[in-house]
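Residue numbers (this note's numbering), protein chains in the order written: chain L, 1 to 139; chain V, 140 to 425.
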């Protein structure tokens, strides 16, 4: 899962802002020129819209990882922490994924499970799966 | 095959086979800082970075010992000339499996694979055939219900075998044995987990043998209704055995076409590089 960071744009013409954002979301990577109605920008704009998983998701993932790997309180966990660097082997990774499935009531594909290498990646995948759940189930 | 194993106690077991060699190193037996320093001198800058990335002293030490075991093991099995363990270079195949980069010497027959737990590091070396090895602490506790875990990840046939075991302790041990065998296969295959998801193949013990196993691959035939077919022919050989009374070790090698179906000899050695080397056992697996 690519991790995204939020960027905010400010436009001089607020009325077109929503249209602009829609356009930006539609084209996730770069686009050559933007016309702002009255405003013409010949500059090439590269825009990256990214959304990081919520901090509380990252926190919950961290708690599960800490428990599965029996990490001491001295071991600091960040979103970038790699499971392998924390001493997780493949059996640990699978157990972590199972715990995450239970905690968040989601179902992870085996290939996705094996591709998770950091806490951030796990959190991003979780939020993606939670979001895709049918509306009736809520989150 | 020789398997060298290093455990945290830093015992290394090497297993000699005509085609496979496992060596074991018990990691907790290595404590001397001067020895550890000597080991770190064997590592490449990239490997040293890898060691530094590990979070915590025990994990760092384990990572150092693993690389040391790989380098010293491969260099000791070079027959044509003395090889300085420092001089070996490594690369990864397209799927990320580590391999020796023999540089200008092509068609080198030596293959290796490594596995470690908190207390044991195992390195298997083979000639001519790819190898996968996985070791696991026998007492490893599974945090989830074993059957639920198996239903989620293992094949239906394997779940059925586990479901018939009534004693939870025996069931847990069988689960761990199966895990090591399945891991060893995926590692031997060297194409990543997506090439062989755990629920698409079954490893079953061969009746009347001890430690010999068979691989059966399940594939869905596109028929109406869809059927599953099982292919249990050869191609891969398995061996499961105890290491140091504390671990299960599973070894998987590709069946050498020239010697298809021939028995495999496994020699286990315990090693602490530069310090000691001890023959533990020799076994033939059918």
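Note that beta-carbon positions come from the ideal geometry of N, C-alpha and C, so glycine has one too.
Measuring alpha carbon to alpha carbon, tell me which residue in the options is nearest residue i.
i, options, result
"residue 368 of chain V", "V/424, V/269, V/339, V/324", "V/339"
"residue 165 of chain V", "V/204, V/188, V/177", "V/204"
"residue 201 of chain V", "V/328, V/348, V/266, V/258", "V/258"
"residue 306 of chain V", "V/374, V/263, V/327, V/286", "V/286"
"residue 223 of chain V", "V/180, V/238, V/254", "V/180"
"residue 266 of chain V", "V/276, V/251, V/272, V/277", "V/251"
"residue 323 of chain V", "V/384, V/299, V/273, V/343", "V/273"
"residue 249 of chain V", "V/243, V/255, V/239, V/389", "V/239"
"residue 86 of chain L", "V/199, V/386, V/347, V/423", "V/199"
"residue 174 of chain V", "V/422, V/421, V/414", "V/414"
"residue 407 of chain V", "V/232, V/422, V/330, V/328", "V/422"
"residue 352 of chain V", "V/335, V/402, V/311", "V/402"
"residue 95 of chain L", "L/105, L/82, L/69", "L/69"
"residue 288 of chain V", "L/64, L/93, L/77", "L/93"
"residue 330 of chain V", "V/221, V/344, V/232, V/209", "V/232"
"residue 255 of chain V", "V/418, V/411, V/388, V/416", "V/388"
"residue 316 of chain V", "V/297, V/190, V/191, V/327", "V/297"
"residue 167 of chain V", "V/420, V/411, V/419, V/320", "V/411"
Using a Cβ cut-off of 9 Å (strictly closer), state whether residue i contacts chain V.
i, result
"residue 27 of chain L", "With a pLDDT of 40 at residue 27 of chain L, under the threshold of 50, the modelled position of that residue is not reliable, and the figure given next carries that caveat. So no, residue 27 of chain L is outside the interface."
"residue 63 of chain L", "no"
"residue 89 of chain L", "yes"
"residue 73 of chain L", "no"
"residue 59 of chain L", "no"
"residue 127 of chain L", "no"
"residue 68 of chain L", "yes"
"residue 35 of chain L", "Low confidence applies to residue 35 of chain L: its pLDDT is 40, below 50, so where it sits in the model is not reliable, and the reading given next is rough at best. Cβ-Cβ to chain V under 9 Å: no for residue 35 of chain L."
"residue 122 of chain L", "no"
"residue 79 of chain L", "no"
"residue 130 of chain L", "no"
Can you name the residues of chain L whose CB is closer than 9 Å to the CB of residue i?
i, result
"residue 314 of chain V", "None at all; the shortest Cβ gap to chain L is about 10 Å."
"residue 192 of chain V", "82, 84, 85"
"residue 288 of chain V", "94, 95, 98"
Got a sec: is the Cβ-Cβ distance from residue i to anything in chain L below 9 Å?
i, result
"residue 392 of chain V", "no"
"residue 229 of chain V", "no"
"residue 201 of chain V", "yes"
"residue 318 of chain V", "yes"
"residue 272 of chain V", "no"
"residue 279 of chain V", "yes"
"residue 257 of chain V", "yes"
"residue 275 of chain V", "yes"
"residue 427 of chain V", "Here chain V covers residues 140 to 425 and nothing more, so residue 427 of chain V does not appear."
"residue 322 of chain V", "yes"
"residue 251 of chain V", "no"
"residue 195 of chain V", "yes"
List the residues of chain V whose Cβ lies closer than 8 Å to the Cβ of residue i, in chain order.
i, result
"residue 111 of chain L", "332, 333, 336"
"residue 114 of chain L", "331, 332, 333"
Under the DSSP definition of a beta bridge, which residues are partnered with residue i?
i, result
"residue 144 of chain L", "Given a span of 1 to 139 for chain L in the structure shown, any question on residue 144 of chain L remains unanswerable."
"residue 68 of chain L", "The partner list for residue 68 of chain L (beta bridge, DSSP) is empty, contrary to what the question assumes."
"residue 271 of chain V", "V/391"
"residue 418 of chain V", "V/408"
"residue 377 of chain V", "V/352, V/391"
"residue 342 of chain V", "V/354"
"residue 63 of chain L", "According to DSSP, which records beta bridges pairwise, residue 63 of chain L is partnered with nothing at all."
"residue 231 of chain V", "V/237"
"residue 276 of chain V", "V/386"
"residue 403 of chain V", "V/424"
In the structure shown, what three-state DSSP assignment does residue i receive?
i, result
"residue 351 of chain V", "strand"
"residue 287 of chain V", "helix"
"residue 42 of chain L", "A caution first: residue 42 of chain L carries a pLDDT of 46, below 50, which makes its placement in the model unreliable, though a value can still be read off. Residue 42 of chain L falls in the coil class under three-state DSSP."
"residue 297 of chain V", "helix"
"residue 226 of chain V", "helix"
"residue 332 of chain V", "helix"
"residue 124 of chain L", "helix"
"residue 96 of chain L", "helix"
"residue 238 of chain V", "strand"
"residue 424 of chain V", "strand"
"residue 49 of chain L", "Residue placement at residue 49 of chain L is poorly supported in this model, since its pLDDT is 47, which falls under 50; the coordinates still yield a value, given next. If DSSP states are grouped into helix, strand and coil, residue 49 of chain L belongs with coil."
"residue 84 of chain L", "helix"
"residue 164 of chain V", "strand"
"residue 27 of chain L", "Note that residue 27 of chain L scores 40 on pLDDT, short of 50, meaning its location in the model is unreliable and no value can be drawn from it."
"residue 319 of chain V", "helix"
"residue 458 of chain V", "Coverage of chain V is limited to positions 140 through 425, which leaves residue 458 of chain V absent and any answer about it impossible."
For residue i, go through chain L and note every residue whose CB falls closer than 7 Å to its CB, in chain order.
i, result
"residue 198 of chain V", "87"
"residue 283 of chain V", "95, 98"
Using a Cβ-Cβ distance cut-off of 9 Å, determine whether residue i contacts chain A.
i, result
"residue 236 of chain V", "Of the protein chains in this structure, namely L and V, none is chain A."
Could you work out which residues of chain V lie near residue i, taking near to mean beta carbons separated by less than 7 Å?
i, result
"residue 94 of chain L", "292"
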